[in-house]
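Numbering follows the numbering used here, with no gaps: position 436 of the sequence shown is 436. Positions of the beta carbon are idealized from the N, C-alpha and C atoms, including for glycine. All values derive from a computational prediction rather than experimental measurement. Shown next, in structure tokens, is the structure this report addresses.
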Amino acid sequence: MLETRPDASALLSSVFGFDGFRPGQADIVDAVAAGRNVLAIMPTGGGKSLCFQLPAIMRDGVTVVISPLIALMRDQVRGLREAGVEAGALTSGNTPEETDAVWQALEERRLKLLYIAPERLASSGTERMLNRAGVSLIAVDEAHCVSQWGHDFRPDYLKIGALRRTLGVPLAAFTATADAETRDEIVARLFDGAAPEVFLRGFDRPNLSLAFEVKNQPRSQILSYAAARRGQSGIVYCGTRAKTETLARALCDDGHSACAYHGGMEADDRRHVEHRFATEDGLIVVATVAFGMGVDKPDIRWVAQADLPKSIEAYYQEIGRAGRDGAPADTLTLYGPDDIRFRRSQIDEGLAPPERKAADHARLNALLGLAEAISCRRQKLLGYFGETAEPCGNCDLCARAPETFDASTAVQKALSAILRTGEWFGAGHLIDVLTGTGTDKVIDRGHDRLPTFGVGTEFDRKGWQAVFRQMMGHDLVRPDPARHGALRLTEAARPILRGEAGITLRKDTLARGGRRPAAKALVSEEDAPLLSALKAKRRALAETARVPAYVIFTDRTLIEMAETKPQSLDEMARISGVGATKLERYGAAFLEIVTGEAEAPSHPARRKLAGREAGVLYDRLLSVQADLARGDSGLDKPLSCSSSQLAKLADLRPTDRETVEKLLGERRADRFAEAFLDVLRAAG
1 MLETRPDASA
11 LLSSVFGFDG
21 FRPGQADIVD
31 AVAAGRNVLA
41 IMPTGGGKSL
51 CFQLPAIMRD
61 GVTVVISPLI
71 ALMRDQVRGL
81 REAGVEAGAL
91 TSGNTPEETD
101 AVWQALEERR
111 LKLLYIAPER
121 LASSGTERML
131 NRAGVSLIAV
141 DEAHCVSQWG
151 HDFRPDYLKI
161 GALRRTLGVP
171 LAAFTATADA
181 ETRDEIVARL
191 FDGAAPEVFL
201 RGFDRPNLSL
211 AFEVKNQPRS
221 QILSYAAARR
231 GQSGIVYCGT
241 RAKTETLARA
251 LCDDGHSACA
261 YHGGMEADDR
271 RHVEHRFATE
281 DGLIVVATVA
291 FGMGVDKPDI
301 RWVAQADLPK
311 SIEAYYQEIG
321 RAGRDGAPAD
331 TLTLYGPDDI
341 RFRRSQIDEG
351 LAPPERKAAD
361 HARLNALLGL
371 AEAISCRRQK
381 LLGYFGETAE
391 PCGNCDLCAR
401 APETFDASTA
411 VQKALSAILR
421 TGEWFGAGHL
431 IDVLTGTGTD
441 KVIDRGHDRL
451 PTFGVGTEFD
461 RKGWQAVFRQ
471 MMGHDLVRPD
481 PARHGALRLT
491 EAARPILRGE
501 AGITLRKDTL
511 ARGGRRPAAK
521 ALVSEEDAPL
531 LSALKAKRRA
541 LAETARVPAY
551 VIFTDRTLIE
561 MAETKPQSLD
571 EMARISGVGA
581 TKLERYGAAF
591 LEIVTGEAEA
601 PSHPARRKLA
611 GREAGVLYDR
621 LLSVQADLAR
631 GDSGLDKPLS
641 CSSSQLAKLA
651 DLRPTDRETV
661 EKLLGERRAD
671 RFAEAFLDVL
681 RAAG
């Protein structure tokens, strides 16, 4: 392990209030802090930001962070400042005063992190400014924006490679996008093809529960899901702008605090929604994917997808907005045959070259395989990312295994009907043929005389709809955009049609449509009132400071307070997320909520040692001093050391008389040195 690690661990605790790194973070922090070029692929909510924020504090000079959205930058700057770190952002949303303050901090070389949008790189003045500012590292957040085929492509990201060469500093790129194609593009464009040190970290988010449901009155399904989580912050992703507005109105009518967000809104309206979501507890945002990368709110308790996303990566990114604080969070994805047809035609009608279309179909297939899975969803999801896992116990299929059946014969009948009708019809007409329904369309085309007419009486219409949906999910058939969505066989269907392979399908999930994954309680029933009181205090402090509530403390930190019930500032300092600066600002206020009474004020020098072994040493030294305040006889003139002197002794732990005398002076050393050294040596 590199020599930077002890410093990193100490700063992790004192600045950010964390006892340890999440899996994989320590190695990335060491590599970035050592000045090596790094590409880190980490799951959404896996702690990417810390992997460049901590090295920025450790390194000399300023770290430039290139980030795609103003809301994201402002959130991170607020959080860093609350933790006592000098950070600033130069964005179009700044007030003149904010911009002046950033420039002054840069000139005085106080700033540790400077956030800028990629669009700023188009200005020649930016390069000159960064040259003068003493930049020692470039960090690129959401690095997949450099990919020209990605849906988040930002042209100005292409200028970052040139900036790295001009400044001659190391670059650390971070993304949650996992596919090898995008990784190769990042290396080519940001690192000139010279391979950086690559970290590919585990994609499991065990705190997220996973669930899928077939659409059956989808508005009611979303309303029911939200009702079970009333008062919790959530996001509902929709496929169209119009749907975001109608669903937001429906949620408001049902008594929720909800608003819509999409790319067609005015910029001021979008900023207003972003501000509300950041600062209000329990707000639901109904959004298109435009509401994505800028979401850094750690206490989103649920995400629902009202329409099927375009790929398994998009699915993972969207659900990854939930539970970024590590506390339990729920996800639900609705889908149906119309979603599958829409996504297939979207790919086929796009302008991408054939190899890209094939890759996009494969990504959609992976998501459909997850949707139609018959065993643990997390195993299937992690398998796509090349990882293995045991059944998770935290998805709908682990909670209740689906009923399955051997569908080989049924699928053969359906495939035969498709072929005998010339691959010119959609599922509705094919179901009429299979169930022997003599509609005008069936009779006019002579399909009532086909051998497949009426051979599918084992299922009703809903049953056959489920079979066709799952056939599309398994990529046995695809809608043909040139034939107005008519179903055509894929090569994967041929072995089943010929009887060379079988297939198992799920019995239609519509029969279980009334069941909803229940919301998990964040704490026990006994601790719930205390958690509510802690949240109320957080909200009041956040409103006073005009910052989002989670900038004060995240849900996870408050949950730990409610469960462990610290009785002193020392115990409060051991709560995850309570760093030195936040302990100083807010520790006493939250401790009073937990204990019901205000703690006697302690000297600032002692408060800085809270939660550390040095704090315990300080208290022992103070006790020894009290015993010797009038000397061994108890009759001498009173004498004492200052709180700062005691704090230095506790922090440095000298074990020789000479050092103690330098810290205390000869007169105080004569009275206290031997007794203090007994305490310090015993602690060593």
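Residues of its chain near residue i, where Cβ-Cβ distance is below 6 Å and the 5 sequence neighbours each way are ignored
| i | result |
| --- | --- |
| Gly-502 | Ser-408 |
| Leu-530 | Ala-562 |
| Gly-454 | Gly-436 |
| Leu-639 | Arg-671 |
| Arg-515 | Residue placement at Arg-515 cannot be trusted, given a pLDDT of 46 that sits under 50; the coordinates are not used to answer. |
| Gly-264 | Arg-241 |
| Gly-231 | Gly-282 |
| Thr-126 | Arg-120 |
| Ala-493 | Leu-415 and Leu-476 |
| Gly-485 | Arg-341, Gly-426 and Pro-479 |
Own chain residues within Cβ distance below 7 Å of residue i, not counting five before or after
| i | result |
| --- | --- |
| Ala-373 | Lys-380 and Leu-397 |
| Arg-219 | Leu-247 and Ala-250 |
| Glu-245 | Ala-260 |
| Gly-35 | Pro-170 |
| Gly-61 | Gly-134, Val-135 and Ser-136 |
| Cys-395 | Ser-209, Leu-210, Ala-211, Cys-376, Arg-377 and Arg-378 |
Contact set for residue i: own chain, Cβ-Cβ below 8 Å, skip 5 residues either direction
| i | result |
| --- | --- |
| Asn-37 | Pro-170, Leu-171, Ala-172, Phe-191, Ala-194, Pro-196 and Glu-197 |
| Lys-413 | Leu-434, Thr-452, Val-455 and Gly-456 |
| Leu-370 | Phe-212, Ile-312, Tyr-315, Arg-377, Lys-380, Leu-381 and Tyr-384 |
| Thr-421 | His-429, Leu-430, Val-433, Arg-445, His-447 and Leu-450 |
| Arg-74 | Ala-89, Thr-91 and Gly-93 |
Near the ligand COA: residue i beta-carbon under 8 Å from a heavy atom
| i | result |
| --- | --- |
| Phe-672 | Among the ligands in the structure shown, none appear at all, so the ligand COA cannot be discussed. |
Residue i, DSSP secondary structure in three states
| i | result |
| --- | --- |
| Ala-589 | helix |
| Leu-510 | Any reading at Leu-510 must be qualified, since the residue scores a pLDDT of 40, below 50, and its modelled position is unreliable; no value is offered. |
| Gln-305 | strand |
| Leu-69 | coil |
| Cys-51 | helix |
| Pro-206 | coil |
| Glu-197 | strand |
| Pro-354 | helix |
| Gly-499 | coil |
| Phe-676 | helix |
| Leu-130 | helix |
| Val-547 | coil |
| Asp-88 | The sequence shown places Gly at residue 88, not Asp. In this structure, Gly-88 counts as strand in the three-state DSSP scheme. |
| Ala-329 | strand |
| Thr-244 | helix |
| Leu-646 | helix |
Beta bridge counterpart(s) of residue i as assigned by DSSP
| i | result |
| --- | --- |
| Ala-260 | Val-286 |
| Ala-173 | Leu-39 and Val-140 |
| Cys-395 | Leu-210 |
| Arg-478 | Arg-488 |
| Phe-468 | Phe-468 is not bridged to any residue. |
| Ile-235 | Val-285 and Val-303 |
Under 9 Å between C-beta atoms of residue i and residue j
| i | j | result |
| --- | --- | --- |
| Gln-221 | Leu-334 | yes |
| Leu-12 | Leu-50 | yes |
| Trp-302 | Ile-235 | yes |
| Leu-368 | His-474 | yes |
| Asp-14 | Ala-650 | The question names Asp, yet the displayed sequence has Ser at residue 14. Not in contact: Ser-14 and Ala-650 (Cβ atoms no closer than 9 Å). |
| Phe-203 | Glu-387 | yes |
| Pro-548 | Lys-357 | no |
| Ser-233 | Glu-280 | yes |
| Ile-418 | Leu-505 | no |
| Ala-306 | Thr-331 | no |
| Ala-8 | Pro-55 | yes |
| Val-140 | Val-65 | yes |
| Phe-16 | Gly-577 | yes |
| Ile-28 | Arg-201 | yes |
| Ile-160 | Thr-63 | no |
| Tyr-115 | Val-146 | no |
| Pro-43 | Gly-438 | no |
Closer than 9 Å to chain B by CB, residue i
| i | result |
| --- | --- |
| Leu-283 | Here chain B cannot be found, since the structure has a single protein chain. |
Is the segment 334-349 close to the segment 302-312, with three or more CB pairs under 8 Å?
yes
Cβ pair count under 8 Å reaching 3, the segment 471-491 against the segment 444-463:
no
Contact the segment 488-500 vs the segment 432-448: 3+ CB pairs below 8 Å:
no
At least 3 beta-carbon pairs within less than 8 Å: the segment 98-114 vs the segment 71-87:
yes
Are three or more beta carbon pairs between the segment 556-572 and the segment 585-596 nearer than 8 Å?
yes
Check whether the segment 538-556 touches the segment 323-330, counting contact only when three or more Cβ pairs, one atom from each stretch, lie closer than 8 Å.
yes
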